[in-house]
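Undergrad:
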Amino acid sequence: MDHTRKKGSAVLYVFAAVLLWSGVLVAEVDAQGSWETVVDNAGISTMHAAVTHYGNVILLDRTNIGDSQLPLPAGVCRDNPADRANTHDCTAHSAIYSPGSNAIRPLFIFTDTWCSSGAFDGDGNMIQTGGDSDGISKIRTFAPCGDNGGCDWVETTTDLQLGRWYASNQQLPDGTQAVIGGRNAFTVEYVPANGRGQTELQLLIDTNSAQYDNLYPFVHLLPNNDLFIFANKDSILFNWQTNTVVKNLPTLAGGPRNYPSAGSSVMLPLTAADNYEGVEVLVCGGAAEGAYNNPTAQYDALNTCGRINPLAGTPRWATETMPQRRTMGDMILVPTGGVIIINGASKGSQGWGFASDPVYTPVLYSPGAAAGRRFQTLAGSGIPRMYHSTANLLADGRILVAGSNTHQFYTFNGEFPTELRIEAFSPPYLGGDRPELAVGGALGYGDAFTATVTYGGDLNGGNIDLTLASAPFVTHSYAMGQRLLWLGVTAPVAAGAGKYTVDATAPPSSTIAPAGYYMLFAVANGVPSYASWVKVG
183 MDHTRKKGSA
193 VLYVFAAVLL
203 WSGVLVAEVD
213 AQGSWETVVD
223 NAGISTMHAA
233 VTHYGNVILL
243 DRTNIGDSQL
253 PLPAGVCRDN
263 PADRANTHDC
273 TAHSAIYSPG
283 SNAIRPLFIF
293 TDTWCSSGAF
303 DGDGNMIQTG
313 GDSDGISKIR
323 TFAPCGDNGG
333 CDWVETTTDL
343 QLGRWYASNQ
353 QLPDGTQAVI
363 GGRNAFTVEY
373 VPANGRGQTE
383 LQLLIDTNSA
393 QYDNLYPFVH
403 LLPNNDLFIF
413 ANKDSILFNW
423 QTNTVVKNLP
433 TLAGGPRNYP
443 SAGSSVMLPL
453 TAADNYEGVE
463 VLVCGGAAEG
473 AYNNPTAQYD
483 ALNTCGRINP
493 LAGTPRWATE
503 TMPQRRTMGD
513 MILVPTGGVI
523 IINGASKGSQ
533 GWGFASDPVY
543 TPVLYSPGAA
553 AGRRFQTLAG
563 SGIPRMYHST
573 ANLLADGRIL
583 VAGSNTHQFY
593 TFNGEFPTEL
603 RIEAFSPPYL
613 GGDRPELAVG
623 GALGYGDAFT
633 ATVTYGGDLN
643 GGNIDLTLAS
653 APFVTHSYAM
663 GQRLLWLGVT
673 APVAAGAGKY
683 TVDATAPPSS
693 TIAPAGYYML
703 FAVANGVPSY
713 ASWVKVG
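Residue numbers (our numbering): 183 to 719.
1) Give me, in chain order, the residues of the same chain whose beta-carbon lies closer than 8 Å to that of SER204; leave out the 5 immediate sequence neighbours on both sides.
2) Any idea which residues DSSP pairs ARG322 with across the strands?
3) Cutting at 6 Å between CB atoms, please list the residues of its own chain near LEU207, excluding the five before and the five after it.
4) Kindly give me the distance between the Cβ atoms of GLY488 and THR501, rounded to whole angstroms, as I take these residues to be in contact under 8 Å.
5) Going by DSSP in three states, SER659 sits in which element: helix, strand or coil?
6) Assess contact between the region 593-610 and the region 253-268, defined as three or more Cβ pairs (one per stretch) separated by less than 8 Å. Is contact present?
7) Name the residue from THR358, TRP335, ILE318, ASP329 whose alpha carbon lies nearest to the alpha carbon of GLN343.
8) Could you check which residue in TRP499, LEU666, GLY708, HIS230 has the C-alpha nearest to that of LEU452?
9) Just mark VAL675 as buried or exposed, buried being the case when its beta carbon has 16 or more other beta carbons within 10 Å.
10) For GLY332, which residues of its own chain have a beta-carbon under 8 Å away from its beta-carbon, when the five flanking residues on both sides are left out?
11) Would you check if the distance between the CB atom of VAL545 and the CB atom of LEU560 is smaller than 8 Å?
12) Taking ASP482 as part of the beta strand (DSSP E), name the residues at either end of that continuous run.
13) Of the residues VAL220, TYR474, ASN407, which one's Cα is nearest the Cα of VAL461?
14) So is ASN574 buried or exposed if we call it buried at 16+ other beta carbons inside 10 Å?
15) For the region 613-625 against the region 261-278, are there 3 or more C-beta pairs whose distance is under 8 Å?
16) When you measure from the CB of PHE302 to every non-hydrogen atom of the ligand ADP, does any distance come out below 7 Å?
17) Among residues of its own chain, excluding the 5 on either side of LEU648, which ones have a beta-carbon nearer than 8 Å to its beta-carbon?
18) Taking GLN251 as the reference, which of TYR236, ILE240, THR228 has the closest Cα?
19) Spatial neighbours of VAL211 within its chain, please: CB distance less than 7 Å, with the 5 preceding and 5 following residues excluded, ordered by chain position.
20) If you drop the 5 nearest sequence neighbours on each side, which residues of the same chain put their C-beta closer than 6 Å to that of GLY364?
21) Tell me whether PRO505 is buried or exposed, calling it buried when 16 or more other Cβ atoms sit within 10 Å of its Cβ.
22) Consult DSSP for VAL208 and reduce its assignment to one of helix, strand or coil.
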C-alpha cells in the first residue's frame with residue numbers, strides 16, 4: 183500500500199532494535215504453527231484476560247469460588263462476609279503474568295468479578311465493571327506497571343447505575359466507555375457517567391430468549407462513529423451521542439450467537455487505503471437453539487460465520503462455513519490482518535458441564551481471500567479450552583491461551599478438570615525472517631512519522647506495512663474493544679545495512695482509533711516484528 187498523505191506537524195522517529203523479551207524468541211514454527219506450555223500452574227483459572235502496555239497480562243477469575251492455588255502475600259487475606267464460599271480467603275483470584283519470565287504475581291480483588299466486563303481507557307488503565315453478588319454494581323480500576331512494580335486493583339467509590347452481569351464495554355471517542363446489557367439489564371450506560379443516565383435498548387429486550395442468548399452483546403465502534411451492537415441473531419446501528427437507533431440490520435441465519443450460545447465476533451481490520459471508511463463485521467460460531475436449556479442432548483454447535491458491511495445502503499449477511507463446528511471460540515485479530523479462531527467445543531453451549539467434544543485446532547481466517555478459500559486449519563493443542571477460557575495477542579505475535587473451568591468450583595478430576603496451565607500458540611506467520619522495530623513517544627491523530635525497520639530477508643520489491651492493534655479485554659469468547667488498523671505508508675526506501683525507512687501516518691481521529699495504547703507492528707513478507715507500544719491520541 184502506498185500512502186503519502188500527511189497531516190500534523192509532529193514527527194516521531196522510529197528506529198530499529200532487537201526486542202529480547204528476556205530471551206523469549208519464537209524459534210521453530212511449522213506451517214501450521216506450534217504450541218508451548220509456558221506456565222504449568224498459574225494458581226488461578228483465567229476467566230478474563232487483558233494485555234497491558236507494559237506487555238504483561240492481567241489474569242482475572244472470580245471470587246465466591248473458594249481457595250485458589252495461588253496464595254496472597256504473607257499476612258494478606260480477604261475478609262468479606264458477603265462471599266458465599268469463603269469469608270476469610272488468603273488466596274488470589276487475580277494475577278499478573280509476565281511473558282518474558284513466565285512469572286506470576288498475585289493480585290488482590292475484593293468483590294466478585296464473575297462474568298464481568300472491562301476495557302482500557304485512554305491512559306492505559308483498565309476500567310473493570312460489574313460481576314455477580316457483591317460485585318454486580320462495582321467499578322474497579324487497574325493502573326498497570328512494569329514487572330517489578332506493585333500495582334494492584336482499586337475498587338472505586340462510584341457504582342454503576344445498574345448492576346451488570348454479562349455486560350460488554352466499548353471505549354468511545356470522547357474517552358468514556360459504553361457499558362451495554364447484562365442479565366436482565368436492557369440498557370446502555372456510560373462510565374464515567376458525566377451526568378448521563380441509562381438508555382433502554384429495545385434490541386436487548388427483543389432478543390431475550392428463554393435461555394437469554396443476548397448476554398455479552400458484540401459491540402464494535404464503526405468508522406462513522408456509530409456502535410454496531412449484536413445480540414442473539416439481530417443487530418442495530420446505535421448513535422451513542424444521541425442515544426438513538428440509527429438502523430435495524432437483518433437477522434443472521436442459524437442459531438443464537440451470544441452467551442450462553444457463545445459465538446464470537448470481530449470488526450475486520452480498517453485500512454488507510456480507503457481512508458478507513460470500509461468496514462465489515464464477522465460473527466462466527468454459536469450453539470443450536472435450546473442447547474443451553476437441554477444440555478444432556480449435546481446438540482451440534484454452529485459451523486457458520488456471517489459477514490456484513492453494516493454501513494452499506496442495503497446491508498446483507500454473507501454466510502461462510504468453518505472447517506469445524508465451534509461454540510466458545512475466541513476470535514483474535516492478528517498483526518498480519520487475519521483472524522485466528524481458537525478454543526471451544528463442537529457440541530453443547532456455555533455453562534457448567536454443558537459442552538463436550540473440544541475443538542483443539544485453531545483456524546486462520548484470511549478476510550481478503552476468495553470466498554471458500556478463507557480458512558486454514560492450524561496446529562492443535564492437547565489441552566481442552568472450553569467454558570471460561572481466554573485468548574490474547576501478545577506483543578511478540580504469539581497468542582496467549584489460558585483458563586477453562588466448566589465447574590462451579592475448582593475441580594481437578596473428571597473429563598474436563600479445571601485448567602490452570604497457560605499456553606502460547608505461535609501462528610505460522612512467526613516462521614519467517616522477522617523485521618525489527620521499536621517506537622518511542624506518542625502519536626497524535628494524523629501525525630506523520632518515519633519508521634526505520636531492519637529486515638534480513640529479501641523484500642523482492644514488496645512493501646513493509648505497519649499495523650496497529652488494540653489490547654482488548656477478553657472473556658466468554660468475546661474480545662471487548664478489539665480493533666486493528668493498516669496504517670498509511672509509503673514504499674520502503676533502502677538505507678543500507680538491511681535497514682529501510684518508511685513514511686507513515688497515524689490514524690486520523692479517535693473514531694478510527696480511540697485514545698489509548700496500541701501495539702505497532704512492522705510486517706514484511708507476511709511476518710510481523712515484535713510490537714512496540716505507542717500511545718495514540
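No residue lacks a Cβ here, since even glycine has one placed at the ideal position from N, Cα and C. This one's a predicted model, so the numbers in the text were calculated from it and none came from an experiment.
TA: Well, looking at it:
1) In the sequence shown, counting from the first residue as 1, residue 204 sits at position 22. Since pLDDT at SER204 reaches only 30, below the 50 mark, its modelled position is unreliable, and the value read off the structure follows with that caveat. Once the five neighbours on either side are set aside, the close Cβ partners of SER204 are GLY282, SER283.
2) Residue 322 sits at position 140 when you count from the first residue of the sequence shown. Its beta-bridge partners are GLN310, GLU337.
3) Indexing the sequence shown from 1 puts residue 207 at position 25. Residue placement at LEU207 is flagged as unreliable, the pLDDT there being 37, under the threshold of 50; a coordinate-derived value is accordingly withheld.
4) Here residue 488 is taken as the residue at index 306 of the sequence shown, counted from 1. Here residue 501 is taken as the residue at index 319 of the sequence shown, counted from 1. Going by Cβ atoms, the distance from GLY488 to THR501 rounds to 6 Å, so yes, they are a contact pair.
5) Position 477 of the sequence shown, counted from the first residue, corresponds to residue 659. Three-state DSSP puts SER659 in coil, outside helix and strand.
6) no
7) Counting from 1 along the sequence shown, the entry for residue 343 is found at position 161. Among THR358, TRP335, ILE318, ASP329, the Cα nearest to that of GLN343 belongs to ILE318.
8) In the sequence shown, counting from the first residue as 1, residue 452 sits at position 270. The option with the nearest alpha carbon to LEU452 is LEU666.
9) Here the question's residue 675 lines up with position 493 in the sequence shown. So VAL675 counts as exposed.
10) Here residue 332 refers to the residue found at position 150 of the sequence shown. Taken in chain order, the list of residues that qualify is empty.
11) On the sequence shown, position 363 is the one that residue 545 refers to. On the sequence shown, position 378 is the one that residue 560 refers to. A contact, by the Cβ cut-off of 8 Å.
12) Here residue 482 is taken as the residue at index 300 of the sequence shown, counted from 1. Per DSSP, ASP482 belongs to no beta strand (DSSP E) and is neither H nor E.
13) As a first step, residue 461 is located in the sequence shown; it is residue number 279 there, counting from the start. Closest by alpha carbon: ASN407.
14) Residue numbering aside, residue 574 sits at position 392 when the sequence shown is read from its first letter. Classification for ASN574: buried.
15) No contact exists between the region 613-625 and the region 261-278.
16) By its list of ligands, the structure shown contains no ligand whatsoever, and the ligand ADP lies outside what it can speak to.
17) Within the sequence shown, numbered from 1, the residue matching residue 648 stands at position 466. Correct list, in chain order: ALA633, TRP668, LEU669, VAL671, VAL684, ALA686, LEU702, PHE703, ALA704, VAL705.
18) To locate residue 251, count along the sequence shown from 1; it is residue 69. It is THR228 whose Cα lies nearest to the Cα of GLN251.
19) In the sequence shown, counting from the first residue as 1, residue 211 sits at position 29. Answer for VAL211: SER608, PRO610, LEU612, GLY613, listed in chain order.
20) The residue labelled residue 364 in the question sits at position 182 within the sequence shown. Same-chain partners within the cutoff: ARG346, TRP347, TYR348, ALA349.
21) In the sequence shown, residue 505 corresponds to position 323, counting from 1. Exposed, because fewer than 16 other Cβ atoms sit within 10 Å of the Cβ of PRO505.
22) Taking the sequence shown and counting its residues from 1, the one referred to as residue 208 is at position 26. For VAL208, the pLDDT reaches just 37, beneath the cut-off of 50, and the residue's location in the model is therefore unreliable, although a value from the coordinates is still provided. Three-state DSSP puts VAL208 in coil, outside helix and strand.
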